[in-house]
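Colleague: Residue numbers (our numbering): 43 to 147. One structure, pasted below without further comment.
Here it is, written out as structure tokens:
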């Protein structure tokens with residue numbers, strides 16, 4: 043009987059532990075590029091991780107981003123120049139808004 047009780051407790055503990063890990067949500071990055079027509083591509087890089095985002099009227103959102111520090115690169119259409127935003131900190135369950143990124147010619 044003691045063995046059955048221990049098995050039930052072990053299964054319950056394991057289930058709760060897995061549930062706790064499953065509830066951790068990853069973060070995100072968002073911002074806006076102006077002028078919108080100057081933006082070709084937006085990427086976020088941290089170590090060996092490279093993420094790409096769609097651009098919609100200059101706005102971009104990276105979802106399900108792992109916690110860490112990223113560099114966000116905006117690849118520009120001519121005559122605009124590529125630009126980067128460094129040290130973008132992402133935490134669990136939060137979206138970091140890097141605001142407006144102005145492309146220069």
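Glycine included, every Cβ here is placed at the ideal spot set by N, Cα and C. Note that the structure is a prediction, hence the values are computed from the model and not measured.
I'd like the span of the beta strand (DSSP E) that includes residue 113, first residue to last.
Modeller: Start and end: 110-118.
Colleague: Could you pull out every unbroken beta strand (DSSP E) segment of at least 3 residues lying fully inside the segment 61-99, listed in chain order?
Modeller: Listed in chain order, they are 69-76, 81-88 and 91-95.
Colleague: Please name the residue in 73, 67, 135 and 83 whose C-alpha comes closest to that of residue 120.
Modeller: Residue 83 is the option with its Cα nearest to residue 120.
Colleague: What distance in whole Å lies between the Cβ atoms of residue 86 and residue 104, which are believed to be in contact at a cut-off of 8 Å?
Modeller: Yes, they are in contact, since the Cβ atoms of residue 104 and residue 86 sit about 5 Å apart, within 8 Å.
Colleague: Taking the beta strand (DSSP E) that residue 144 falls in, what are its first and last residues?
Modeller: Here the beta strand (DSSP E) through residue 144 covers 137-144.
Colleague: Where residue 147 and residue 117 are concerned, what is the direct C-alpha to C-alpha distance, given to the nearest angstrom?
Modeller: Taking the straight line joining both Cα atoms gives about 13 Å.
Colleague: Have a look at residue 126 and residue 99 and give me their C-alpha separation to the nearest angstrom.
Modeller: So the two alpha carbons sit approximately 19 Å from each other.
Colleague: Alpha carbon to alpha carbon, how far is residue 79 from residue 91? Give it in angstroms, no decimals.
Modeller: The alpha-carbon atoms of residue 91 and residue 79 are separated by roughly 27 Å.
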